[in-house]
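K.L.:
If you count the sequence shown from 1, you need to add 613 to reach our numbering.
I have a structure I would like to understand better, so I am pasting it below and will then ask my questions one at a time.
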Amino acid sequence: MVELPGGTFRMGSDRFYPEEAPVREVTVGGFAVDRHPVTVAEFRRFVKETGHVTDAEKPPRAEDYPDADPNLLVPGSLVFQRTAGPVPLNDWRNWWHWVPGADWRHPEGPDSTVGGRERHPVTHVTHADATAYAAWAGKRLATEAEWEYAARGGLDGATFTWGEEFAPKGRMMANTWQGEFPWQNLLLDRYGRTSPVETYPPNGYGLYDMAGNVWEWTDDWFTGPSGGSPCCVPADERFPRRVTKGGSHLCAPNYCLRYRPAARQGEAIDSSTGHIGFRCVVR
Ligand SMILES: [Ca+2]
């Protein structure tokens, strides 16, 4: 982990999406933060020791989905699938698919594995799964302010965690989506899905993957304008939402320019997908 002294910083942004505004001064106390998102290997150790079963591995509760065919209430998770060509961007069902058997060990469905991906961030975890891991590790999830403070790496008010330019001197600084989402991924950063943690340069605090790769759960409830576009996060009004931060490998400028420290999403607490993970902090 990296120890951060507390401090005051400018949180949010007035230049992008309404849910990030207004910019305001926020003070956080000192804390230590994981150097990178929790990996598959780390999560596996937790599961081995505790027997934890993630939400994606349990059938959805019938009372939460009264209109659903009971035969479809099986364990599963949301998996991204690239489309063959351009599609309307106002319907996330064009690229998110509910896949029975998808979970943290099988990120693309039952036939996939995490073999060779032990150093990738764990995915398909709900807020409750992340909280359970944090408790086991003697840690907790960050508040949104702590997360953003850490992500900024001391560059107060900067657009990106590394400065103002997306790719300084052509260098890719995070795992995002280059090209036109959700069909054309130019892979300038070499990864179409998650990437091993610490693949791209750290921020000013020595923290890796604070932008892109996977969204990360925080402990704050999401309030504020939900905006017209749920972007890459399926909006389910039945469940309360927590703030996720950092953007993911699915964030593209034509759709979701959210690989920035000010960016935020409200994610239903029960949802798990292939592009949400987490890291922990400790006071
Ligand atoms: Ca990428």
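All C-beta atoms in this analysis are idealised placements derived from N, C-alpha and C, irrespective of residue type, glycine included.
Quick check: does the Cβ of Y630 come within less than 7 Å of any heavy atom belonging to ligand 1?
P.N.:
Every heavy atom of ligand 1 is 7 Å or more from the Cβ of Y630, so no.
K.L.:
With 16 as the cutoff for other CB atoms within 10 Å, does G841 come out buried or exposed?
P.N.:
Note that G841 has pLDDT 45, beneath the 50 cutoff, so the model's placement of it is unreliable and the number below is only indicative. Classification for G841: exposed.
K.L.:
What residues in its chain sit with their C-beta under 8 Å from that of H733, if we drop five residues either side in the sequence?
P.N.:
Same-chain partners within the cutoff: T652, V653, V727, T807, S808, P809 and V810.
K.L.:
With a threshold of 16 other CB atoms inside 10 Å of the CB of E676, please say whether the residue is buried or exposed.
P.N.:
Exposed, since its Cβ has fewer than 16 Cβ neighbours within 10 Å.
K.L.:
Anyone know if the C-beta pair for E711 and L691 falls short of 8 Å?
P.N.:
Per the sequence presented here, residue 711 reads as Trp, with Glu not at that position. Closer than 8 Å, so yes.
K.L.:
With DSSP as the reference, identify every bridge partner of K858, one or two as the case may be.
P.N.:
BP columns for K858 point to E829 and R877.
K.L.:
Using a 10 Å radius around the Cβ and a threshold of 16 neighbouring Cβ atoms, would you call C893 buried or exposed?
P.N.:
C893 is buried by the Cβ-count criterion.
K.L.:
For the beta strand (DSSP E) containing F644, name the first residue and the last one.
P.N.:
Counting along the chain, the beta strand (DSSP E) containing F644 begins and ends at F644 to V646.
K.L.:
Could you give the uninterrupted runs of the beta strand (DSSP E) lying entirely in the segment 627 to 695, keeping only those of 3 residues or more?
P.N.:
Fully enclosed beta strand (DSSP E) runs of 3 or longer: 637 to 641, 644 to 646 and 689 to 693.
K.L.:
Would you call the CB atoms of W760 and P814 closer than 8 Å?
P.N.:
No, they are not a contact pair.
K.L.:
Along the chain, where does the beta strand (DSSP E) that runs through T621 open and close?
P.N.:
Start and end: G620 to M624.
K.L.:
Is T812 helix, strand or coil when you go by DSSP?
P.N.:
Coil.
K.L.:
Which residues have a Cβ closer than 5 Å to any heavy atom of ligand 1, listed in chain order?
P.N.:
The set, ordered by position in the chain, is N788, D802, Y804 and H862.
K.L.:
Could you name each continuous beta strand (DSSP E) segment of 3 residues or more that falls completely within the segment 749 to 818, going from the start of the chain to the end?
P.N.:
The segment 749 to 818 contains no whole beta strand (DSSP E) run of 3 or more residues.
K.L.:
Does DSSP classify H737 as helix, strand or coil?
P.N.:
Correct three-state label for H737: coil.
K.L.:
Looking at the structure shown, is W705 part of a helix, part of a strand, or coil, going by DSSP?
P.N.:
W705: helix per DSSP, three-state reduction.
K.L.:
Roughly how many angstroms separate the alpha carbons of V802 and G620, rounded to a whole number?
P.N.:
Residue 802 is actually Asp in this sequence, not Val. Near 33 Å, if we compare the C-alpha coordinates of G620 and D802.
K.L.:
Among all the DSSP beta bridges, which residues are the ones paired with E616?
P.N.:
Note: E616 sits in a beta bridge opposite A645.
K.L.:
R896 and E880 - do their beta-carbons sit closer together than 8 Å?
P.N.:
No, these two residues do not count as a Cβ contact at 8 Å.
K.L.:
If you run the structure through DSSP and keep just helix, strand and coil, what is T744?
P.N.:
It is helical.
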